[in-house]
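>
There are 2 protein chains.
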Amino acid sequence: MSVDIAAPRGFERAEFEARTHAAQAAMAAEGLGALLLTTEPEVRYFTGYLTRFWESPSRSWFLVLPARGAPIAVIPSIGAALMAQTWISDIRTWPAPRPKDDGVSLLAETLREVGGPVGVPMGYEAHLRMPLGDYVRVQAASGLEFRGDAGIVAALRAIKSEAEIDKIRAACAIATRAYARMGEIAGEGVPLSTVFRGFQRLLLEEGADWVPYISGAAAQGGYDDVISPASDMPLALGDVMMLDTGAVRDGYFCDFDRNFAIGAPSAEVQVAHARLIEATEVGLAAARPGARACDVFAAMAQIAGGGETAGRLGHGLGMQLTEGLSLTAQDESVLQPGMVITLEPGTEVSPGQNLGKIMVHEENIVIREGGAERLTQFSGPEIVVL
Amino acid sequence: MSVDIAAPRGFERAEFEARTHAAQAAMAAEGLGALLLTTEPEVRYFTGYLTRFWESPSRSWFLVLPARGAPIAVIPSIGAALMAQTWISDIRTWPAPRPKDDGVSLLAETLREVGGPVGVPMGYEAHLRMPLGDYVRVQAASGLEFRGDAGIVAALRAIKSEAEIDKIRAACAIATRAYARMGEIAGEGVPLSTVFRGFQRLLLEEGADWVPYISGAAAQGGYDDVISPASDMPLALGDVMMLDTGAVRDGYFCDFDRNFAIGAPSAEVQVAHARLIEATEVGLAAARPGARACDVFAAMAQIAGGGETAGRLGHGLGMQLTEGLSLTAQDESVLQPGMVITLEPGTEVSPGQNLGKIMVHEENIVIREGGAERLTQFSGPEIVVL
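Chains as they are written, first to last, in the working numbering: chain A, 122 to 507; chain B, 122 to 507.
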């Protein structure tokens with residue numbers, strides 16, 4: 122057990138100020154008077170407000186980013202004490218939940234004071250975390266124009282600061298140590314559901330604050346589905362087991378997986394694993410500033426197979442398990458230094474034989490001026506045998 | 122370690138059919154031609170589709186409930202195999218994420234086929250889990266009228282079936298066993314952050330599938346905030362430590378807490394704890410069919426103190442950590458058999474002395490014809506000493 126309690130938590134105030142100023146510069150260019158933010162990562166990005174209390178859907182939380190000055194928190198009173206520990210000083214509260222006016226008038230008044238037009242993230246991956254009925258009421262009560270945020274928040278969040286990269290690196294190190302201990306919890310005869318529980322335990326022991334996501338699969342000579350819950354079926358000789366995790370430390374995710382052979386792997390499995398590692402290395406080499414997401418996709422798909430229908434072979438990563446660009450044939454986003462992404466090739470174990478057996482592999486990297494830097498300790502071509 | 126692997130998972134098909142028929146009866150009364158559902162609990166309620174993959178915000182998932190017949194899943198192709206294991210047979214997919222048309226045309230076409238008006242949950246606690254821009258596009262492309270769902274889905278979900286109650290009871294039993302082992306992980310000198318990790322580990326060992334929520338606090342003679350992340354401050358003699366969890370088994374939550382004294386508790390802490398337990402028992406007695414949420418609130422607040430400003434002294438519970446009614450002074454929801462709620466009084470440790478020290482306590486119950494049934498093993502008046 123080696124928890125990284127030495128690694129610093131949170132961010133310097135200057136980082137939040139820089140994020141705010143960057144947003145305000147973009148708002149000015151778009152003619153926006155305010156941003157209205159409602160989701161956990163959006164609010165946290167500009168404030169540092171970190172709590173698992175968002176798990177409860179019962180209360181709405183709002184952050185208003187004005188054209189100038191610091192953000193204004195419009196939040197349930199239960200969150201005031203914790204918000205006061207951040208750099209935010211203008212904190213306006215109401216006793217939520219309050220059925221007749223659940224923050225609507227307070228938010229509308231704040232927006233009127235700040236002035237519009239009000240930009241709201243409403244593009245790809247953006248959600249409105251408040252009742253739609255209340256949103257319509259706020260629009261009416263404010264009398265302001267509401268429109269999309271022109272992708273301002275997503276674009277800012279896509280480029281990570283060095284402090285953010287350090288947090289993702291720390292999360293990756295935690296999962297690396299947990300994967301290295303797989304032999305303690307997995308092997309022939311152990312139900313996959315027990316492995317899932319044990320893996321979460323290892324991640325916590327190695328320093329994860331919590332484990333929002335794990336997935337995996339195990340089946341003879343490869344698997345077919347990577348999003349199902351674990352069954353109670355015991356692992357058997359000849360199984361290939363894959364475990365994937367999004368573990369969190371200080372609010373930032375890692376997201377990568379590892380494959381394990383239960384007993385000696387078949388030649389096909391060995392070759393497929395080596396192909397995945399090769400595809401990952403090719404992806405790493407292709408992931409340079411100026412390359413497009415679809416270029417990295419194409420480089421990996423050429424090795425791993427599947428062509429245009431290969432799906433999503435990686436994605437952005439940070440305060441959410443997946444965020445930002447997708448390594449697909451359609452995504453023309455241009456890679457920039459500071460972007461943290463996953464490389465996640467998938468391959469048929471026996472290409473062309475259509476047996477429905479696949480394997481997937483995943484690593485995490487950050488785009489740098491000179492080329493990508495590894496955030497995970499990449500797997501070698503040989504699959505680990507348990 | 123005693124994982125309940127014997128308890129059955131999932132639900133009989135008849136339960137999903139009954140939920141669907143109940144929704145359709147309410148839809149007919151409201152003149153709705155379809156319901157459009159986008160969130161994890163809503164989709165799971167009608168399908169049984171259970172996966173942690175929702176942690177990724179990158180893909181939208183839709184369920185269309187027609188006026189007659191089974192629901193139609195309109196989902197990313199990556200989810201097709203798992204959805205096919207549910208009772209849903211009409212599964213329509215697109216290769217998400219697809220920037221130019223991320224399910225919009227497929228969903229609009231499905232809605233046109235089913236017919237409107239389309240009801241969308243947009244009241245208290247309801248979120249729209251899709252980009253707002255895509256929602257507007259679907260509305261336009263379908264040519265149908267969209268309106269609120271008249272609270273149909275929330276009202277159905279509020280009344281639990283016996284199978285649902287069994288799942289919540291199983292989650293409660295897991296947490297009860299984990300709390301009983303607190304002496305293994307907590308005590309003088311242990312940092313609270315280490316206790317948080319250890320408690321999650323115990324919950325997993327005792328059978329939780331995952332632990333979406335824990336919170337807690339520890340301070341001398343009581344605490345002041347119950348939603349902050351754990352600090353690395355070691356527990357000290359005289360601290361009162363509270364731990365709260367929403368642990369999940371088979372997709373259903375428990376949500377209750379326990380207080381622990383680090384070393385001998387003061388007389389004030391002992392009295393405050395006993396007062397919380399008394400308030401909880403009074404709440405249990407008041408929680409009868411026909412009583413309103415505000416009546417149960419008032420009964421508890423009379424013992425625990427705080428009056429109208431005491432906040433929320435409990436809430437509904439089920440597929441989400443908090444859902445449905447609130448035990449507040451304003452909530453006039455009428456308790457009905459089958460509702461599962463928490464009783465969660467809070468009290469000042471030294472009433473009237475305004476020292477900012479509070480304690481909270483929480484238990485879970487189900488409303489029955491003859492009165493409420495305990496789902497947790499209620500704490501006695503004496504605080505547990507570690």
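Each residue gets a CB set at the ideal place from its N, CA and C atoms; glycine is no exception.
Nearest CA to the CA of B:E309: which residue from B:T468, B:G384, B:V274 and B:Y373?
Per the Cα distances, B:G384.
> Would you call B:M122 buried or exposed, if buried means 16 or more other Cβ atoms sit within 10 Å of its Cβ?
Low per-residue confidence applies at B:M122: pLDDT is 44, beneath 50, and the placement is therefore not dependable enough to give any value.
> Could you check if B:D371 is buried or exposed, using at least 16 other CB atoms within 10 Å of its CB as the buried criterion?
The residue is buried, with at least 16 neighbouring Cβ atoms inside 10 Å.
> Alpha helix (DSSP H) containing A:Y334: first to last residue?
Looking at the DSSP string, A:Y334 is not in any alpha helix (DSSP H); the run it does join, the beta strand (DSSP E), is W331 to Q341.
> Taking B:L507 as the reference, which of B:G359, B:A407 and B:Q451 has the closest Cα?
Of the listed residues, the one whose Cα sits closest to B:L507 is B:G359.
> Whole angstroms is fine: what's the gap from B:L171's alpha carbon to A:A419's?
Going from the Cα of B:L171 to the Cα of A:A419 covers about 32 Å.
> Apart from the five residues just before and just after B:G517, which ones in its own chain have a Cβ nearer than 8 Å to its Cβ?
A question about residue 517 of chain B goes unanswered here, because the residues of chain B that appear run from 122 up to 507.
> Chain A beta carbons: is any one of them nearer than 7 Å to that of B:Q441?
Chain A, which has a Cβ nearer than 7 Å to the Cβ of B:Q441, makes this yes.
> Just list the residues that DSSP pairs B:H436 with in beta bridges.
Per DSSP, B:S447.
> If contact is defined by three or more beta carbon pairs under 8 Å, each pair taking one atom from either stretch, is the segment 162-181 of chain B in contact with the segment 181-191 of chain A?
As far as the Cβ criterion goes, the segment 181-191 of chain A does not touch the segment 162-181 of chain B, which means the pair count is below three.
> Looking at B:G337: is its Cβ nearer than 7 Å to the Cβ of B:V470?
Their beta carbons are not under 7 Å apart, which means B:G337 does not touch B:V470 by this criterion.
> How should B:H248 be labelled, buried or exposed, when 16 other C-beta atoms within 10 angstroms of its C-beta is the threshold for buried?
Under this definition B:H248 is a buried residue.
> Helix, strand or coil: how does DSSP classify A:P502 here?
Three-state result, A:P502: coil.
> Roughly how many angstroms lie between the CA atoms of A:M421 and A:E389, to the nearest whole one?
Answer to the nearest angstrom: the Cα atoms are 19 Å apart.
> Going by DSSP in three states, B:V124 sits in which element: helix, strand or coil?
Low local confidence applies: a pLDDT of 49 at B:V124 is under 50, so the model's placement there is unreliable, and no value is given.
> When you check each C-beta in the segment 165-186 of chain B against every C-beta of chain A, which residues fall closer than 8 Å?
Listed by position, the residues of the segment 165-186 of chain B near chain A (Cβ gap below 8 Å) are L171, T172, R173, F174, E176, S177, P178 and S179.
> Considering Cα atoms alone, identify which of A:D211, A:V505 and A:G404 is closest to A:I488.
Of the listed residues, the one whose Cα sits closest to A:I488 is A:G404.
> So which of A:L397, A:A201, A:V361 and A:P312 has the shortest CA-CA distance to A:A382?
Here the closest residue by C-alpha is A:V361.
> For a minimum of 3 consecutive residues, which ranges assigned as the beta strand (DSSP E) are wholly contained in the segment 365-409 of chain B?
Segments of the beta strand (DSSP E) lying fully in the segment 365-409 of chain B: 377-382.
> For a contact meaning CB atoms closer than 7 Å, what does B:H482 contact in chain E?
No chain E is present in this structure, whose protein chains are A and B.
> For the beta strand (DSSP E) containing A:L227, name the first residue and the last one.
No beta strand (DSSP E) contains A:L227, which is instead part of the alpha helix (DSSP H) from V225 to V235.
> Secondary structure at A:D211, three-state DSSP: helix, strand or coil?
Three-state result, A:D211: coil.
> Beta carbons nearer than 8 Å to chain B: which residues of the segment 199-233 of chain A have them?
Residues passing the 8 Å Cβ filter: I199, G200, A202, L203, Q206, P216, P218, R219, P220, K221 and D223.
> Alpha carbon to alpha carbon, what distance is there between A:L156 and B:E176?
Answer to the nearest angstrom: the Cα atoms are 25 Å apart.
> Can a CB atom of chain A be found closer than 7 Å to the CB of B:E246?
It does: the Cβ of B:E246 has a partner Cβ on chain A nearer than 7 Å.
> Inspect the CB distances between the segment 224-240 of chain A and the segment 432-452 of chain B and report whether three or more fall short of 8 Å.
Counting Cβ pairs under 8 Å, fewer than three are found: no touch.
> Per DSSP, which one or two residues make a beta bridge with A:Y344?
DSSP, once it has assigned bridges, lists A:I479 as partnering A:Y344.
> Scan the segment 332-347 of chain B for residues whose Cβ lies nearer than 9 Å to a Cβ of chain A and list them as they occur along the chain.
Listed by position along the chain: V332, P333, Y334, I335, S336, D345, D346 and V347.
> Under a three-way DSSP split, which group does B:V487 fall into?
B:V487: strand per DSSP, three-state reduction.
> For a cutoff of 7 Å on Cβ pairs, would you count A:L249 as touching chain B?
Cβ-Cβ to chain B under 7 Å: yes for A:L249.
> Taking only beta-carbon positions, decide if B:R318 is within less than 7 Å of chain A.
So, interface residue.
> Below 8 Å on the Cβ atoms is my contact criterion, and I expect B:G435 with B:L464 to pass it. Report the Cβ-Cβ distance as a whole number of Å.
5 Å between Cβ atoms; contact.
> Compare the C-beta of A:G272 with all C-beta atoms of chain B and state if any pair is closer than 7 Å.
With 7 Å as the cut-off, A:G272 does not count as an interface residue toward chain B.
> Would you mind working out which of A:R250, A:G237, A:I212 and A:V195 sits nearest A:G224, comparing C-alpha positions?
When each option's Cα is compared against that of A:G224, the closest is A:V195.
> Does A:Q451 come within less than 7 Å of chain B when only Cβ atoms are used?
Output row for A:Q451: interface = yes.
> DSSP three-state label for B:P197, please.
In this structure, B:P197 counts as strand in the three-state DSSP scheme.
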